[in-house]
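Presented below is the structure to which this report refers.
There are 2 protein chains.
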Amino acid sequence: MGPVRLALLAVVALAAAGEAVYIPYNTSAGVVAGKLNVHVVPHTHDDVGWLKTVDQYYVGSNNSIQGACVQNVLDSLIPALLKDENRKFIYVEQAFFQRWWRNQNDMIKDTVKGLISSGRLELINGGMCMHDEATVHYIDMIDQTTLGHKFIKEEFGQIPRIGWQIDPFGHSAVQAYLLGAEVGFDAFYFFRIDYQDRDTRKETKELEVVWRGSKSFGSSADIFAGIFPKNYEPPPGDFYFEVDDDSPVVQDDPLLFDYNVEERVNDFVAAALAQANITRTNHIMFTMGTDFKYQYAESWFRNMDKLIHYVNKDGRINALYSTPSIYTDAKYAANEQWPLKTNDFFPYADNPNAYWTGYFTSRPALKRYVRMMSGYYLAARQLEFFKGKSKSGPTTDYLGDALALAQHHDAVTGTEKQHVANDYAKRLSIGYTRAQELVSTSLACLTELGSKSHCSSPTTKFSQTDFSKGKSLVVLVYNSLGWKREDVLRVPVFSDSIVVHDSEGREVESQLLPIASASLNIRDKHVKAYLGTSPGAKPKFWLAFPVSVPPLGFNTYFVSSMKKSASVSSKSTIYSSQGSENSNLQVGQGNLKLQYNAAGAFSLYSDSRTLIEANFEQKYKYYIGQDGNGSDPQASGAYIFRPNGTVPIKTDSQVPLTVLRGPIVDEVHQQINSWIYQITRVYKGKDYVETEFIVGPVPTDDGNGKEVAAEIVSNMATNKTFYTDSSGRDFIKRIRDYRSEWKIEVHQPIAGNYYPVNLGIYVEDGNKELSVLVDRSIGGSSIKDGQIELMLHRRLLHDDGRGVAEALNETVCLDNQCEGLIIEGKYYLKIDPQGEGSRWRRTFGQEIYSPLLLAFSEQDGGNWANSHIPKFSAMDPTYSLPDSVALLTLQELEDGSVLLRFAHLYEAGEHKDLSALASVDLKRVFPNKKIGKIIETSLSANQERAAMEKKRLKWKVQGPPADGKVVRGGPMDPSKLVIELGPMEIRTFIVNFERSISGKQLL
Amino acid sequence: MGPVRLALLAVVALAAAGEAVYIPYNTSAGVVAGKLNVHVVPHTHDDVGWLKTVDQYYVGSNNSIQGACVQNVLDSLIPALLKDENRKFIYVEQAFFQRWWRNQNDMIKDTVKGLISSGRLELINGGMCMHDEATVHYIDMIDQTTLGHKFIKEEFGQIPRIGWQIDPFGHSAVQAYLLGAEVGFDAFYFFRIDYQDRDTRKETKELEVVWRGSKSFGSSADIFAGIFPKNYEPPPGDFYFEVDDDSPVVQDDPLLFDYNVEERVNDFVAAALAQANITRTNHIMFTMGTDFKYQYAESWFRNMDKLIHYVNKDGRINALYSTPSIYTDAKYAANEQWPLKTNDFFPYADNPNAYWTGYFTSRPALKRYVRMMSGYYLAARQLEFFKGKSKSGPTTDYLGDALALAQHHDAVTGTEKQHVANDYAKRLSIGYTRAQELVSTSLACLTELGSKSHCSSPTTKFSQTDFSKGKSLVVLVYNSLGWKREDVLRVPVFSDSIVVHDSEGREVESQLLPIASASLNIRDKHVKAYLGTSPGAKPKFWLAFPVSVPPLGFNTYFVSSMKKSASVSSKSTIYSSQGSENSNLQVGQGNLKLQYNAAGAFSLYSDSRTLIEANFEQKYKYYIGQDGNGSDPQASGAYIFRPNGTVPIKTDSQVPLTVLRGPIVDEVHQQINSWIYQITRVYKGKDYVETEFIVGPVPTDDGNGKEVAAEIVSNMATNKTFYTDSSGRDFIKRIRDYRSEWKIEVHQPIAGNYYPVNLGIYVEDGNKELSVLVDRSIGGSSIKDGQIELMLHRRLLHDDGRGVAEALNETVCLDNQCEGLIIEGKYYLKIDPQGEGSRWRRTFGQEIYSPLLLAFSEQDGGNWANSHIPKFSAMDPTYSLPDSVALLTLQELEDGSVLLRFAHLYEAGEHKDLSALASVDLKRVFPNKKIGKIIETSLSANQERAAMEKKRLKWKVQGPPADGKVVRGGPMDPSKLVIELGPMEIRTFIVNFERSISGKQLL
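Read top to bottom, the protein sequences are chains A and B. Read in order, the letters of the first sequence correspond to residues 1 to 1003 in the numbering used here. Read in order, the letters of the second sequence correspond to residues 1004 to 2006 in the numbering used here.
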């Protein structure tokens, strides 16, 4: 045979073909002293809604958007874990885990229970979702975590030890100390911190720290915080092993080509050494997974088995299957002192021009909806408790579940796709509808005289009471707060001849205010767009009247028509003011008065009680959203706020102000421009300013996305400093263009100074405090001294490249015509003498969170009071919670026990009186019930508090010991049943009431 | 609370949340009489190399090219099958299955054995790969199928029942009758047939037929053939359930949104009814899978479980987990008469301008390499048998495995990516190297006198014998055919003074021919490019001398230098001829003479023995490959031949012919153009023309891809008719622009008339036959009457859009300079009197397939014959196989038994004498061995022939009964050991030889 002239490649030596090459991998390594230990932590990150809805992610539908199916992850995980007892996995998002669990048969359930109890499958973090930390309220964080932890405890007897907030876009102090330490977590892991901060920390090996998130709690709420060096994915060097991933698999079959064990071991060791180089102790963590991975778990484990086997055979380092718990214990065992971190990790930037501060405001309507539902859920659970929880429903459960999902870091954040935002809203709507039924039923029971066993809903379905037929409207007003509440109600009416009576038959002063056509137009449009029905007759007036409601109770008011009676509701006087006339304009019937300037922005605020006088203006502006075209592709979008110029919105001074005056409230209506309408209110009995804004449709016909902000501009010398709350709880000092723990290079002087505002924002100048409180989560800042701004609405035309792949361009469509979404909302403003602002911020802030809950009925004639209980408080009538204490949770659980949670509302030193230790007398809170058993628990109610404190790891901190005394309530004496609360303390209890003689738990 | 103005969607009714919704699916349905039965057949189609190499596909590496990992498929399959005993799966490609199997531990192996024995996992088709049917030789098809079936039989005791050639690009008659019926298959499924044929068959419900592929065997080799209506994927309507597929999953959890059971059931029923509409009987098959699917098998089964459950609950149709076996049995049980199909399904077109006839030639070097190795493997196994198979190696096993892979329908077809083609070549190279060692060792044993237990290789490593030192070259010539063979050898030599002796010391006439520089240049270039070494001194001559070798045996020749002896080798006379001189040019020293015309294309062929005289020309042309730009994007590519114009290649009449003349052979050398060189040979003792061509580098600097064809143009009146072989075996009549069983609309008058040529192509005019035989698989046609053309080489610049995503542009690179691959090859031409051509085509065709095998040694002086056996035949020296019979297989198996396969080479009626029943006398084939036990088996040797025939389903055919008597050999009488073979019959035996007295199985 002549010379072979064909394409031949070099002949390689191979093992004899045909032989079996079954290789048992040794994956049994534990921690090895004296070696670098690589904790291989297999995990998946499953967003509870983002590009697809939670259900779509679970079942794996809508894969054209994103190939992701959580059912695959969990289904495939079980055989993979069974294959090798050393394999481990963590699972995080309980919303998914619960969906999966209820689809399983008993055999699988038993198997999984075994895997969990042996630690091979560990449920960590454990809330229903991995909640956001900027745009969520702490009460929602607690509720959704409690819901998840409860399931884990009940079903598996497990208590999550680890906080695993690996994806949220910045991290809050409240998360660290409250949802971390106070939940009993030993550590808390995440990765999204400012890129400059990260770079510094890598250099100084300070990615792992002890985080002291609470000034009030000091070291008692320290937690170990681990920041990942890059992200929550496998280390650099191609270690992705999902089906279809293109990392090189470990090819160790000598009978096949491309054997690469040596290269892969070298890659792994190199990655480990690089990470060890920026990490203290000889333990590092490899987070082996990412979004929705482990669709076929075996594909990962197969390769990790091999890596562990061959790396340990190589011997340079030690690799082990691990979990964050094992890693944390190893860190703790190293007995190191760790750098201290205080405050929080906001704002987050991943690039010089990429501050993730847009999402503080993105989807403001959804944010408001979530906040409304949160307060409603709190109240509804109280009413569910009063009535007794019914298995046959209606219950508050669906609302609780919907709210839990809405806390996800791509839900309330506004960073999900539009159809997913719709899904969250739909769930809230369903939950609200069910909770409303429960509320109606409960109120019916509470109001009904005689037998309460068959109480029926007071609200027969009606949408409008026809006063002309002698009927009157019964308004039941429920107060979920623990203190008596005076407030002004507003009810839409048709008639201009209205009279209001209280539950004792006394006439109540009231005022009629014509409903602004701006408001009516929105109502009409949205009823048509979302309900598909015609909105019917338009009410003409808001009827405003003051109400007084006892704590944890209700009062009843009666609205009827009365021709020309002396005591008829006052019609507001109406006055139009324009241009220079405005400078004579003053509103306010009580202590607080506002004086307008010629431009129509009010300029003088004066409070005759506190003697505060201050000048400021109320203005609007918008930022042009960077479009991301050109050489720098970073657009402003759902996540990222990147302004490309500021445009002041000038009020047309030709457009008159409209002023409504009356005995209850003065209102100033201003059409700021064609798409901003503003109503400023001063109530006679209240010492703050309420501003209602209607913003939108934001025009984009100039091709620019716009981000609309309200400004309050004063001449206060605030020295670059302002304060924003952390998840609605602690206020944190912010200094413009400055970070307290690291040196910032400023690239984005506006976006980089934005912070999340859940409760409020304030500035002070040594003499006074200017506070603004909000009705939802919002982005805010003080961009100039004396100034506060709130980002009210964002309408953008470009995606910002962080995955959602949609422009944040919310629209409302009617007859195939779409226009930008209109946002309606309120903010509240008050100026207090220095040192006094906290009282309003805290107490009134709680009232904003928990508005009065209304129910309506009709009566023919005046017989209601004869057949109903018109006024009620669940508490001892002479008792009220201290001003500093809120009842966060009063909820009957499935087993009849009751979850009870009180919160001290003030930080240590925040207020000279109200920051003191406070007490709650449970016997007076529940005067008609006998507490059989009461156990104090962790914040998420999944373990006894005492056991938690004993168990929780105490971490050592570098530097001098923490100074300052921490005030916490002492142990509760079961005979006294008095709960003490130190500043910022939240105490959680499981209470078992003894059954009353009647055998019912009703009051 | 005022009217909710937020985005609310309609509230939908949901089952009570929180309840368990574990649903046990009823998947137990079998066939239901009176209903439409949908056979749900889960399958994966795993190419044994295509875009990635077979090993890359297996381990899942190189996923950036294609996300595919067969290990995932098989790993995930096992738990999925265990989950529900009704789930079924078929697996096809044994190359993958064997790779996986040898990685498994005993527990998994036991589990899998259970699944296979219970029919839940069925291994069908069962070859190492799903071989191609156009470019493969039937011997390779048999070998690769035998290899796969052997494993299945030995490991699992199973015999595959079903042919499953779902992807090859057209289907051969040999596949149907030989690799189908003769293997014992009951049915054969596929989908790629001409789109016009398919459309017709859909209308007439003739997608399922009985295929009678063999004229010789008639109905005795009928097989049920099922053509899929569209492809081998799930039916239309989105039923793809791979991880990440975007078909709607069946969402049946009432607690989640998007419940869609009803829609999905309707989709399924609609798909079933549509398919039922074009299918006979109430059974249809849904092929649930496609390329490399079931990476996570559960994802498919989960959805199929639900579909079967809910579809059967719906009740309109019956869905069942099935396999092609169950489906076939159901079809058979229907007791229908089926339409008859004869001939084959070539060529395949999936669109008017998309004839898959390019791949008949694509990668001609690889095709030649495969064919060379195929013949070598046949011979090497004989030598392995003579020596005795050794477990410690070397063996022919690797070559067998490499050849098996190379038969894959993206291997020898040339439709794989370049790096994958390299992988096949590498495997062949390794296999060849090992087989060479075995061959050397075996020949050493056979030649050695005395003890054969430690025989050493005769070929000590030498590349060149230095005659000047008195050494001579020993040439051992092995003949693997069953008959004595006279041939001319060619050995490169340096000296011009050479003498050749035979094994009895007689001088043999020989001739020296200067080696053409075209050949030397290729040698130099390829040695450098592929071996990376300098090629060393250049031999000057080919030494040609006739040899005579006994059947299944060898002879020895001695080449030495002898100064100026009378008997020295004749140097060829050299003569240059140009222009009109050519017309006087005549070559041929024997019966056959060729007379050239002025253009240098020879014009007169005359054979003084047969008295044939015929005029014809030998020409070259190229087709311009359609580039696929413009409105019609179909390019010519690896699969598809789509010419865009024909360019004749004119021989420059200024370039002289070179004529070499001598006692053995005359050669005419022609530089056709700058990149085509042709040598035409006429051997004194042979009555055919041998044409060697060197084509390339095909220039593409004009931006055109080119497809180069050789033409033989005669004036024969061939009436549009020509004949091409089916996989190297039966000749099938082809008529230009015509299909025998359906009406074709001609869109591609060239590409649509191309057919695969493995053995040869011929035309006839009633007086004579013009036959051309080839040295590899190639595309050929008769585009004009009297003409034959062979596509020799293809170099194209565009991908043709069938998945490979590479242009077929083979290059050779040296010092970073790449140029087009040069193809060297031969074709053979003969003109016979009408009715006589088959003898040459069959007998010489077999010699082309099985060239003489050479081994070299050196001797000092003339002592070789004293110490060695110089001449040998394994058979009785007086015996020879009949001219009509070839020994296809003589192979010792691992257990010491021997696989023996004889083939009758003639079709019924093909030759007046040689088509008769033939006999092989085994006692004379193995004169020195005693046959202990001999069992006739199916073609793939996995079952007894008698049992197979009894078991195999007999299908009814529409129309009159088949006429004509089928001649097959009768049962073999074990005492006589004479095997009879009817026309085209291949008979396979497992033989156990009794041990010889010496205890060795050697001769």
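Virtual Cβ for every residue (Gly too), placed ideally from N, Cα, C.
Separation of residue j from residue i, as counted between CA atoms
i: leucine 1044 of chain A; j: isoleucine 1026 of chain B; result: This structure cannot speak to residue 1044 of chain A, because chain A is shown only from 1 to 1003.
i: valine 1442 of chain B; j: leucine 1893 of chain B; result: 14 Å
i: proline 1342 of chain B; j: glutamate 1952 of chain B; result: 22 Å
i: leucine 1546 of chain B; j: serine 1572 of chain B; result: 8 Å
i: alanine 334 of chain A; j: alanine 638 of chain A; result: 42 Å
i: leucine 273 of chain A; j: tyrosine 348 of chain A; result: 28 Å
i: glycine 1593 of chain B; j: glutamine 1862 of chain B; result: 35 Å
i: valine 920 of chain A; j: serine 880 of chain A; result: 9 Å
i: glutamine 165 of chain A; j: aspartate 344 of chain A; result: 14 Å
Close Cβ partners of residue i (< 8 Å) along its chain, the five nearest in sequence each way excluded
i: serine 1483 of chain B; result: Gly1378, Leu1381, Ala1382, Gln1385, Leu1555, Ser1853, Leu1856 and Leu1890
i: glutamate 1266 of chain B; result: Pro1251
i: threonine 459 of chain A; result: With a pLDDT of 49 at threonine 459 of chain A, under the threshold of 50, the modelled position of that residue is not reliable, and no figure is offered here.
Cβ neighbours of residue i in the same chain (closer than 6 Å, five flanking residues each side left out)
i: aspartate 267 of chain A; result: Gly237
i: lysine 1936 of chain B; result: Asn1995
8 Å contact criterion, which residue i and residue j should meet: CB distance rounded
i: isoleucine 1518 of chain B; j: glycine 1699 of chain B; result: Contact doesn't hold; Cβ gap of about 19 Å is too wide.
i: alanine 1877 of chain B; j: serine 1222 of chain B; result: In fact, because the Cβ distance is near 38 Å, the residues do not count as touching under 8 Å.
i: serine 1175 of chain B; j: proline 1986 of chain B; result: About 18 Å separates the two Cβ atoms, so there is no contact after all.
Contacts around residue i, its chain only, beta-carbon distance under 7 Å, and the 5 residues preceding and following it disregarded
i: aspartate 410 of chain A; result: Asp47, Gly49, Trp50 and Glu416
Where residue i falls: helix, strand or coil (DSSP)
i: threonine 1416 of chain B; result: coil
i: serine 1573 of chain B; result: strand
i: threonine 1846 of chain B; result: helix
i: cysteine 445 of chain A; result: helix
i: tyrosine 1608 of chain B; result: strand
i: asparagine 1812 of chain B; result: coil
Residue of the options minimising C-alpha distance to residue i
i: glutamate 769 of chain A; options: A/Glu806, A/Met130 and A/Leu829; result: A/Leu829
i: glycine 600 of chain A; options: A/Gly637, A/Ile679, A/Pro927 and A/Ile612; result: A/Ile679
i: alanine 1944 of chain B; options: B/Phe1348, B/Leu1896 and B/Asp1704; result: B/Leu1896
i: asparagine 1040 of chain B; options: B/Ala1274, B/Ser1175, B/Ala1352 and B/Ala1405; result: B/Ala1274
i: glycine 114 of chain A; options: A/Trp955, A/Thr279, A/Gly157 and A/Val957; result: A/Gly157
i: leucine 1449 of chain B; options: B/Thr1468, B/Gln1657 and B/Gly1391; result: B/Gly1391
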